[in-house]
Amino acid sequence: MYTQQPSEPIDWTHLEQTLTPSLLGNLQRIDLPFDLHIQQLSAKDWLLRQADIKGNIETTTLSSLELLLDSTNGELQLTRLDLQSSLGSLEGRGQAQLFGDFPVNLNLQANLNEIKEKIHSFCQKQC
77 MYTQQPSEPI DWTHLEQTLT PSLLGNLQRI DLPFDLHIQQ LSAKDWLLRQ
127 ADIKGNIETT TLSSLELLLD STNGELQLTR LDLQSSLGSL EGRGQAQLFG
177 DFPVNLNLQA NLNEIKEKIH SFCQKQC
């Protein structure tokens, strides 16, 4: 007759850490070669063209871009990201630490036109 030996309780936290590799591997720190102080980066009315896999040219209009960013001693501060394009819009703010546990606090608001068009088209057919 087989009797099971009492076992130690499972350490779920340790198991999760063992089975879930870090996004950045064993990287301890990201060292930028210099500090970044972008007080204002602006772009208006850009036209971007890119060939897809089949060689078809896709065109994207970038109406405007505003970027304010600062990075000093491994601390990254995104004060403003505002992008308006034919694909949609993206607004963001936040901060990140480029060492230790790499904590990130980022607030992004995206409005993607292609997805909205597909939802609208689907609802016209199905709803």
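Residue 203, in this note's numbering, is where the sequence shown stops; the numbers in between run on with no holes. Backbone N, C-alpha and C fix where the C-beta goes; we use that ideal spot for every residue, glycine too. Being a predicted model, the structure only gives us computed values, none of them experimental.
Taken through DSSP and simplified to helix, strand or coil, LEU103 comes out as coil. For the 8 Å CB-CB criterion, THR135 and ARG125 form a contact.
In the three-state reduction of the DSSP assignment, LEU108 falls in the coil class. Here DSSP, grouped into helix, strand and coil, assigns LEU174 to coil. Relative to the Cα of LEU159, the nearest Cα in the group LEU141, SER147, GLY150 and ASN149 belongs to LEU141.
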